[in-house]
Amino acid sequence: MATWNETDPVARRAAIELIWAEDGAYTDPIAVAEGLAAIDATIAAVQGQFPDFVFALAGPVDAHHNIARFTWELGPAGGEGLVVGFDVAVLTEDGRISKVHGFLDKVPAQV
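For any residue, its number in the numbering used here is found by taking its place in the sequence shown, counting from 1, and adding 8.
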């Protein structure tokens with residue numbers, strides 16, 4: 009979540025390199041990002057589209073083995089999430105993110 013909210017490009021890229029596997033991949037209904045540069049660019053694009061919004065967990069993280077699932081919201085800080093999604097993350101043996109499979113549960117017609 010923190011990398012999706014990090015607006016400093018240098019800090020965001022450093023965080024991505026720390027927590028993602030080199031060949032990490034993020035996929036949701038509107039984006040496919042393979043590799044660290046593409047993941048960084050995808051996050052930057054979302055921030056550009058929603059400059060005053062922040063991501064927040066919308067419940068507990070449920071995990072077992074090397075898989076975690078969680079629901080998130082995107083909206084004004086402290087306000088209602090206008091976009092809601094559900095992600096499944098697959099981790100490497102050393103705990104880095106290998107893949108994230110994202111789903112969009114609530115997307116308003118206009119945000």
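Where is the CB? At the ideal position from N, CA and C, for every residue including glycine.
Helix, strand or coil at THR79 [DSSP, three-state]: In this structure, THR79 counts as strand in the three-state DSSP scheme.
Given VAL120 as reference, the closest of TYR34, GLY83 and GLY103 once Cα atoms are compared: The question about residue 120 has no answer here: the residues shown for the chain are numbered 9 through 119.
Collapsed DSSP secondary structure at ILE38 in the structure displayed: Residue state for ILE38 is assigned as coil, using DSSP reduced to three classes.
Counterpart residues of HIS72 in DSSP-defined beta bridges: Paired residue(s): ILE75.
Under the three-state DSSP convention, the category PRO59 falls into: Of the three classes helix, strand and coil, the one that applies to PRO59 here is coil, per DSSP.
Reduced DSSP secondary structure (H/G/I, E/B, other) of ASP48: ASP48 falls in the helix class under three-state DSSP.
Euclidean distance between Cα positions of GLY110 and ALA64: Those two C-alpha atoms are separated by around 15 angstroms.
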